[in-house]
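The listed protein sequences correspond, in order, to chains A and B. So in my numbering the end of the first sequence lands on 730, straight run, no missing numbers. So in my numbering the end of the second sequence lands on 341, straight run, no missing numbers. Virtual Cβ for every residue (Gly too), placed ideally from N, Cα, C. One structure is given here, and the rest of the page talks about it.
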Amino acid sequence: MRLPQLSQFNALFGLALILLIVSSPSPSRAQTSLSGGNASQVQQGEYLARAGDCVACHTAPTGPRFAGGRAMPTPFGTLYSTNITPDLETGIGKWNADDFYRVMHVGRMPDGGLIYPAMPFPSYTKVTRAESDAIFAYLKTIPAVHQPDRPNVLRFPYNNRSLIIGWRTLFFNEGEYTPDPHQSAEWNRGAYLVEGLGHCGMCHTPINALGGSSEARAFQGGLIPMQNWYAPSLTSNKEAGLGDWSIDDIVDLLKSGRSRRGIVYGPMAEVVYDSLQYLTDADTRAMAVYLKSLGQGSPPPEATTTAQRAEKSLLLTLGKTVYETRCATCHSANGRGKPPDYPPLAQNQSIEMSSAVNAIRMVLNGGYPPGTAGNPRPYGMPPFAQTLSDNEVAAVVSYIRTAWGNRGAPVTAAQANELRTAPLE
Amino acid sequence: MYFPRLAGKPAGYLYNQLEAFKVGRRHYPPMNYLLEYLPDQYLMEIAQHFAAQHPTNEPPPIPDVSQDVLRQGQALANSGVMERQIPACARCHGVQFTGMEPGIPGLLGLRAAYISAQLGGFRYGTRTAPAPDCMQVVAARLTEDDVKAVAAYLASLPPSQDSVPAKVGSWPLPLACGSEPQ
């Protein structure tokens with residue numbers, strides 16, 4: 306087992322997933338109820354469940370679909386996702402559409418119990434009643450699985466459920482999405498999906514010391530707790546901000562996992578694999594239009610490094626050698642790659658951005674973009690953890706971050722070494 | 160650091176391993192991570208690619224165990240131990256240890272440490288195969304000394320570059336295996 310690192314301690318319940326029932330006073334229940342969905346509502350619900358990526362958290366690696374039990378390590382202990390199949394005893398078989406809407410909208414269980422915000426209800430609160438009902442109607446049609454939920458294992462004081470009340474006061478704003486009348490219907494649909502069901506902010510908004518996402522810094526990026534991948538800013542064009550991307554490139558990236566500008570990898574590969582590849586062209590395009598509008602030009606960051614000047618030039622000489630031996634065959638000596646299968650490294654925001662975590666991890670661990678209908682045979686990058694020393698990893702990453710006009714900063718062997726133990730699952 | 164050969168192993172076996180890494184039935188994080196989001200059809204194509212290759216004629220390393228141990232390994236591999244219900248390796252993997260399509264791998268051209276690690280993995284459940292998991296059954300009957308001996312013996316045999324897995328159904332299996340039609 307790996308111990309959480311200090312840098313990860315600025316996250317409370319930041320990871321996607323988990324309903325946890327808490328016994329607390331039960332507010333009175335709303336009385337409207339919806340019985341039985343029709344076929345088109347169920348179909349719509351299945352689509353929306355994909356958009357919300359419920360399956361990613363509510364299915365254990367080899368377990369039955371939606372039956373829960375996926376372990377979610379956090380700096381505070383391990384949470385387990387719950388069974389959301391319609392089993393009467395262990396699932397949501399006894400719930401009605403009101404119960405489900407309340408979970409989505411206010412983060413409370415049918416008995417009023419509070420839910421840990423690892424379940425992204427602070428995003429799902431923006432989902433409309435009609436769409437919540439459709440998802441519920443769909444979940445009622447999937448095979449019931451009898452599988453009791455695993456109790457969470459949280460350390461003191463995080464096992465004190467009343468902490469959630471304080472957290473909610475600070476970070477939870479209840480309310481469905483309100484369209485911006487100054488924007489197009491397409492932009493609004495995109496915003497609704499990105500901020501609501503897509504719950505992109507769970508990773509792409511920095512998490513503060515209390516484990517809350519800061520609204521003022523929405524989509525500005527941050528290190529994902531426990532996973533040691535950096536979720537880049539969606540607002541800064543120096544990171545994953547898409548301000549200077551074409552709509553078609555954004556659509557390709559979201560839908561197939563691959564584009565002329567780069568590929569998805571790490572935790573984002575899962576999101577495309579389980580969720581985004583299934584969205585309609587209209588919804589994908591709407592998300593692209595909204596995401597592009599978030600991108601803001603920002604001045605190039607100052608290149609800062611802890612490496613000394615002499616050390617730096619040695620590093621870059623070694624880096625160039627490693628690059629030419631190991632990388633240039635696919636990514637080209639000029640860093641332009643052979644898009645879309647061999648992504649360009651020159652002017653690639655993912656390489657240049659201030660955090661070097663992802664670039665180092667790709668060199669160490671390699672990786673594939675997800676296999677999708679649009680890219681069923683993805684090209685992979687081999688891992689180099691076994692063949693390159695810490696010095697060589699630092700050198701080659703420093704080289705690709707500074708060559709060809711790239712404006713990233715060099716990295717140190719210590720940074721490379723630290724990420725050798727980053728979790729791979 | 161050692162990575163076992165893929166060249167020339169049966170496609171069905173390689174596919175089963177890719178699938179096992181993908182869903183976590185085999186546990187090795189660098190592989191689990193790489194395969195997580197790849198479609199099964201693509202994994203099958205990858206398996207077929209490597210199955211069509213031929214193993215290299217690398218001479219086996221000099222064994223670092225005694226002749227007695229090698230003889231014990233030879234007896235296990237070729238004859239098994241009837242009173243402990245341990246079938247010979249050759250009963251399933253073939254008298255030339257070339258394996259059989261679609262799911263039984265060849266055993267030559269692998270290092271002793273790798274073979275003993277796999278037998279240990281079956282025994283302790285970190286490597287599992289579709290039920291009935293025959294290798295789990297066999298590995299559970301082996302002692303530490305058996306594992307050491309049989310691994311050393313198999314690793315001491317030179318692989319033949321033109322050895323290919325036998326066709327499916329070439330010989331009957333002594334016990335039921337989820338990876339092989341019977």
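Only counting the same chain, and skipping five residues up and downstream in sequence, which positions put a Cβ closer than 7 Å to that of B/V323? G167, T257
Whole-Å CB distance - A/S703 paired with A/L581, under 8 Å assumed: No, A/S703 and A/L581 are not in contact; Cβ-Cβ is about 32 Å, not under 8 Å.
For the putative contact between A/R563 and A/P688, defined by C-beta atoms under 8 Å, what is the C-beta separation to the nearest angstrom? Approximately 20 Å separates the beta-carbon atoms of A/R563 and A/P688; this is outside 8 Å, ruling out the contact.
List the residues of chain C that B/P188 touches, going by C-beta distances under 7 Å, in chain order. Given the protein chain composition of this structure (A and B), no chain C is represented.
Under 9 Å from the C-beta of A/N533: neighbouring residues of chain B: Correct list: empty, because the minimum Cβ distance to chain B is about 12 Å.
Whose C-beta lies closer than 8 Å to the C-beta of B/L355 among residues of the same chain, with five residues either side of it excluded? Outside the modelled stretch of chain B, which goes from 160 to 341, sits residue 355 of chain B, for which no answer is possible.
Quick one: any contact between the segment 436-454 of chain A and the segment 369-378 of chain A, if contact means 3 or more CB pairs under 8 Å? yes
Quick check on the DSSP output: the beta strand (DSSP E) that includes A/L384 runs from which residue to which? 382-385
Would a check of beta-carbon distances place A/T367 closer than 8 Å to chain B? yes
B/L266: contacting residues in chain A (beta-carbon distance under 7 Å): What B/L266 touches in chain A: nothing, since even the nearest Cβ is about 24 Å away.
Contact between the segment 528-537 of chain A and the segment 501-513 of chain A: three or more CB pairs below 8 Å? Yes, since at least three Cβ pairs between the segment 528-537 of chain A and the segment 501-513 of chain A fall closer than 8 Å, the two stretches touch.
Kindly indicate which residue of A/R466, A/L393, A/A365, A/L547 has the alpha-carbon position closest to the one of A/R413. Selected option, being the one with the closest Cα: A/R466.
Per DSSP, what are the beta-bridge partners of A/V458 in this structure? A/T383
Does the beta carbon of A/A574 sit closer than 8 Å to a beta carbon anywhere in chain B? yes
Using a Cβ-Cβ cut-off of less than 7 Å, list which residues of the segment 639-651 of chain A approach chain B; keep chain order. none
Member of A/R407, A/G417, A/D454, A/E436 whose CA lies at the smallest distance from the CA of A/F426: A/R407
Residue-level contact to chain A via CB, B/Q200, 8 Å cutoff: yes
Nearest chain B C-beta to A/P688 closer than 8 Å, yes or no? yes
Would you give the residue range spanned by the alpha helix (DSSP H) that A/G471 belongs to? 468-476
Taking 8 Å as the threshold (beta carbon to beta carbon), is A/T337 in contact with chain B? Legend: pLDDT at A/T337 = 39, less than 50; position of this residue unreliable, value from coordinates given subsequently. Chain B, which has no Cβ nearer than 8 Å to the Cβ of A/T337, makes this no.
Give the residues of chain A in contact with B/Y192, contact being defined as C-beta atoms less than 8 Å apart. At a beta-carbon threshold of 8 Å, the residues of chain A lying near B/Y192 are N670, G672, L729, E730, ordered along the chain.
Measuring only the C-alpha atoms, how far is B/P218 from B/I205? Inter-residue distance for B/P218 and B/I205 is about 27 Å (C-alpha atoms, whole angstroms).
C-beta contact flag for A/Q488 and A/G546 at 8 Å: no
Which residues of chain B have a Cβ atom closer than 8 Å to the Cβ of A/Q691, listed in chain order? M160
At what residue ranges does the segment 165-196 of chain B contain a whole run of the alpha helix (DSSP H), taking only runs of 4 or more? 170-182, 188-194
What does the Cβ neighbour count give for A/S331, buried or exposed, with the cut at 16 atoms within 10 Å? The predicted position of A/S331 is uncertain, since its pLDDT is 39 and thus under 50; a value taken from the coordinates is nonetheless stated next. So A/S331 ends up on the exposed side.
Between which residues of its own chain and B/R185 is the CB-CB distance below 6 Å, once the five residues before and five after are set aside? Within the same chain, B/R185 has close Cβ partners A179, R286.
Taking the Cβ atom as the reference point for each residue, do A/V347 and A/A442 lie within a distance shorter than 8 Å? yes
Count the other C-beta atoms from every protein chain shown that fall within 10 angstroms of the C-beta of A/G676, then say buried if there are 16 or more, exposed otherwise. buried
If I measure Cβ to Cβ from B/P198 and keep anything under 8 Å in the same chain, skipping five residues before and after, which residues do I get? none
State whether the segment 641-661 of chain A contacts the segment 708-719 of chain A, with contact taken as three or more CB pairs (one from each stretch) at a distance under 8 Å. yes
Whether A/K543 touches A/E657 by CB criterion (8 Å): Closer than 8 Å, so yes.
Cα separation between A/L393 and A/P415? When rounded, the distance between both Cα atoms is 14 Å.
Give a yes or no on contact between the segment 293-307 of chain B and the segment 218-238 of chain B, applying the rule of three or more CB pairs nearer than 8 Å. Short answer: they touch.
Taking the alpha-carbon positions, what's the A/N639 to A/P715 distance? 18 Å
Rounded to the nearest angstrom, what separates A/P572 and B/H252 at their Cα positions? 40 Å
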